[in-house]
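Q: The opening position of the sequence shown corresponds to residue 50 in the numbering used here, with each subsequent residue numbered one higher. Just so it is clear, CB atoms sit at the ideal spot from N, CA and C, and this is done for glycine as well. This structure is a prediction, so every number in the text was calculated from the model and none was measured.
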Amino acid sequence: SRRIQTRVTFLLRILIFLGVTVFYLVIPNTGSDSNGHSSSYIVSAHAVPNRRLANFMEDIPQVHSVRLNPVTRVSSEVIGTEDELNCTPPAIHEFPSDGLTRDQRQSGWIMVHVVIVCYLFWLLAIVCDEYFVPAIESMCESMKMKKDIAGATFMAAACSSSELFINCVGTFITEGDIGVGTIVGSAVFNILAVPACCGLIAGQIVMLDWWPVTRDCIMYGFAVIALITTLYDGKVMWYEALCLVSAYIIYIVAICCNDMIARKAQTVVHSCGEQFKSPKCTEKPAKIVDEGSPLMEGVQRLQNGYSKGCTESAVNVSVTEVCATTEADEWVSVNPWDKKDKSTFMFICRWPIAFVLWSTIPDCRRFPRLRFLTFTTCVMWIGAMSYVVAFLITAIGDTLNVPDSVMGLTFLAAGTSVPEAVSSVIVANKGHGTMGISNSIGSNTFDIMLCLGLPWLIKSLLFPTTPGDNWVSLKSSGMTYSATLLLTALVGLYVSLFMNKFKLDWKVGATCSFFYVFFLIVSSMFELNFFFPVNLPTCDH
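#1: Exposed or buried, which one is residue 150 when buried takes at least 16 other CB atoms within 10 Å?
#2: Measuring straight from C-alpha to C-alpha, what distance separates residue 443 and residue 412?
#3: With which residues is residue 553 paired in a DSSP beta bridge?
#4: Which residue marks the beginning of the alpha helix (DSSP H) containing residue 400, and which one marks its end?
#5: Taking the DSSP output, what are the residues bridged to residue 430?
#6: What first and last residue would you give for the alpha helix (DSSP H) that runs through residue 287?
#7: According to DSSP, simplified to helix, strand and coil, what is residue 386?
#8: Alpha carbon to alpha carbon, how far is residue 239 from residue 22? Give it in angstroms, no decimals.
#9: Does DSSP classify residue 524 as helix, strand or coil?
#10: Restricting to Cα atoms, I'd like to know which of 205, 214, 227 is closest to residue 140.
#11: Let me know the alpha helix (DSSP H) ranges lying completely inside the region 487 to 514, each 4 residues or longer, listed in chain order.
#12: Looking only at DSSP bridge pairs, what is residue 147 linked to?
#13: State buried or exposed for residue 575, treating a residue as buried only when at least 16 other CB atoms are found within 10 Å of its CB.
#14: Give me the residue from 315, 541, 516, 301 with the minimum Cα distance to residue 492.
#15: Comparing C-alpha positions only, which one of 142, 159, 171, 146 sits nearest to residue 395?
#16: In angstroms with no decimal places, state the Cα-to-Cα distance between residue 188 and residue 387.
#17: Count the other CB atoms, across all protein chains shown, that sit within 10 Å of the CB of residue 415; report buried if there are 16 or more and exposed otherwise.
#18: Just list the residues that DSSP pairs residue 41 with in beta bridges.
#19: Kindly indicate which three-state DSSP category residue 278 falls into: helix, strand or coil?
#20: Nearest-angstrom Cα distance between residue 551 and residue 421?
#21: Could you compute how far the alpha carbon of residue 157 sits from the alpha carbon of residue 456?
#22: Once DSSP output is grouped into helix, strand and coil, what is the label at residue 137?
#23: Helix, strand or coil, according to DSSP, for residue 89 in the structure here?
#24: Does the distance from the CB of residue 573 to the CB of residue 458 come in under 9 Å?
#25: In terms of alpha-carbon separation, which member of 271, 570, 587, 181 lies closest to residue 495?
#26: Counting pairs of beta carbons, one from the region 494 to 510 and one from the region 264 to 284, are three or more of them closer than 8 Å?
#27: Report, in whole angstroms, the separation of the C-beta atoms of residue 210 and residue 177, which I expect to be a contact under 8 Å.
#28: Over the uninterrupted alpha helix (DSSP H) stretch that includes residue 170, give me the two end residues.
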């Protein structure tokens, strides 16, 4: 598994960092002058696809450049609202100073921010994997919740907690699009990059159960359509946010009725021939738990209700072996002095994180009565680190003249999703491909409906930017196009699996890799105003 993990990390670096870097070198930064500062410009209203941006352009009789003192932090009351300017106030002004000037960051000190962000991504993954998830599991067991409901609520919240907190920062503090970009980018990463890694690195043909994948694709498709409808006019009304949250409740009800729906679906498609049957598999009703999060291999999460019993020639891991492994690995020590990594360098890098978390968070697996204290402490850690990550990502984007939405779609989305991708590949290599793919799709439903819907609902009803205006304004109209590409990516994944008879191999992996790079390039071009204006330029500072 160590070799697989190394190969996954290498492939992800090639797909994300190299691809995005080359893109920024090839595509010129539209709307910037030679010094790297955003310049003011006039855009015809006809070329503006967003009605809010079009009306704004029509209301500007004359363009005036707004220049801010780089030393002075200017509040929104001083510089006015966006409707009075032809530029967007920099989001970095909503955070405290990092002690560096913009020129210093552009001269190379920005790499300090990049290293710290990558280290904090690692910290968030360890908090969620080793502390937060076991605490949620223990709480669900103490409340005697059904596994399917627990998986769709608390377990999903544990896996998506960083995305939720980052969107809260973007909604309540910066009032920008970093949260939306992160969730949309993370969704595409889970839909395309995770299957790509599983198909290219697993080293074997992984058979997928058609029903869990089909079910999650259908539900997630409706969620993406709802998101596109919400983002269309550049405003998120309170009732639109309420619809997203309500749709999540319907999703939970559907999960609870999974057994009945699965049996009816099997009856309907039974006449479709061999398209939905994996080779060397015989159909038999069963309740095999194989859709848990790869980060929670020992947690029995969602029940398929109908699965396929495959011979050992098709899948090399039996249910008995999985259960035995689960019982053996039920409790893993989080002592920082235990050398889990074979590499001494990795042990040294991991030790500060492990020591700080071990010192501040009680391990509920050793002390079950402290589960609620563990939960509370993890929430505080995740919330604080998500704020710091959002701050550093904003500083990186400000230094490179890149909008928050682009940073969310690329760097931030990949960073929050890489641990799940690595775990999905390891699980797929053991023959449990459905577990990795179904979870990567299903967790996206939670991201859109609750990680976006809930902060929007609270912001629009309780903390509106303007009293009486119960809606949340989006700065970029390009997110609508990114969400549309997200729906296209979902359809492309399902069609690829359907045409390949639900076999996850190198062909599906190569197809998903191509579409993921294509999505990154096209979405970034939209956000950088390459085709037409969707983002107001950032004010000079």
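A: Let me spell this out:
#1: Translated into positions along the sequence shown, residue 150 becomes position 101. Exposed is the call here.
#2: Translated into the one-based positions of the sequence shown, residue 443 becomes position 394. Translated into the one-based positions of the sequence shown, residue 412 becomes position 363. The straight-line gap from Cα to Cα measures roughly 33 Å.
#3: Translated into positions along the sequence shown, residue 553 becomes position 504. Partner(s): 255.
#4: Translated into the one-based positions of the sequence shown, residue 400 becomes position 351. From DSSP, the alpha helix (DSSP H) with residue 400 extends over 393 to 409.
#5: Reading the sequence shown from its first residue, position 381 is the one you call residue 430. According to DSSP, residue 430 bridges with nothing at all.
#6: Mapped onto the sequence shown, residue 287 falls at position 238. Residue 287 -> alpha helix (DSSP H) spans 287 to 305.
#7: Start at 1 with the first residue of the sequence shown, and residue 386 comes out as number 337. Here residue 386 sits in coil by DSSP.
#8: One cannot answer for residue 22 here, as it falls past the ends of the chain, which runs 50 to 590.
#9: To locate residue 524, count along the sequence shown from 1; it is residue 475. DSSP places residue 524 in coil when its eight states are reduced to three.
#10: For the purposes of this step, residue 140 is taken as residue 91 along the sequence shown, with counting starting at 1. Looking at the Cα atoms, 227 is the closest of the given residues.
#11: 502 to 511
#12: Here the question's residue 147 lines up with position 98 in the sequence shown. Residue 147 is not bridged to any residue.
#13: Indexing the sequence shown from 1 puts residue 575 at position 526. With 16 or more other Cβ atoms within 10 Å, it is buried.
#14: Working through the sequence shown from its first residue, we reach residue 492 at position 443. Looking at the Cα atoms, 301 is the closest of the given residues.
#15: For the purposes of this step, residue 395 is taken as the residue at position 346 of the sequence shown. Ranking 142, 159, 171, 146 by Cα distance to residue 395 puts 171 first.
#16: The residue given as residue 188 occupies position 139 in the sequence shown. The residue given as residue 387 occupies position 338 in the sequence shown. Roughly 27 Å between the two C-alpha positions.
#17: In the sequence shown, the residue the question calls residue 415 occupies position 366. Residue 415 is exposed by the Cβ-count criterion.
#18: Absent from the structure is residue 41, since the part of the chain shown begins at 50 and ends at 590.
#19: For this step, residue 278 is matched to residue 229 along the sequence shown. Of the three classes helix, strand and coil, the one that applies to residue 278 here is helix, per DSSP.
#20: By 1-based counting over the sequence shown, the position of residue 551 is 502. By 1-based counting over the sequence shown, the position of residue 421 is 372. C-alpha separation (whole angstroms): 41 Å.
#21: Your numbering for residue 157 matches position 108 in the sequence shown. Your numbering for residue 456 matches position 407 in the sequence shown. One C-alpha to the other measures close to 18 Å.
#22: What you label residue 137 is simply residue 88 of the sequence shown in a count that begins at 1. It is a strand residue.
#23: Locating residue 89 in the sequence shown gives position 40, where the first residue counts as 1. Note that residue 89 scores 36 on pLDDT, short of 50, meaning its location in the model is unreliable; the coordinates nonetheless yield the value given after this. Of the three classes helix, strand and coil, the one that applies to residue 89 here is coil, per DSSP.
#24: Counted from its first residue, the sequence shown places residue 573 at position 524. Counted from its first residue, the sequence shown places residue 458 at position 409. Yes, these two residues count as a Cβ contact at 9 Å.
#25: Counting from one through the sequence shown, the residue named residue 495 turns up at place 446. It is 271 whose Cα lies nearest to the Cα of residue 495.
#26: yes
#27: As a first step, residue 210 is located in the sequence shown; it is residue number 161 there, counting from the start. As a first step, residue 177 is located in the sequence shown; it is residue number 128 there, counting from the start. Going by Cβ atoms, the distance from residue 210 to residue 177 rounds to 6 Å, so yes, they are a contact pair.
#28: By 1-based counting over the sequence shown, the position of residue 170 is 121. Residues 159 to 176.
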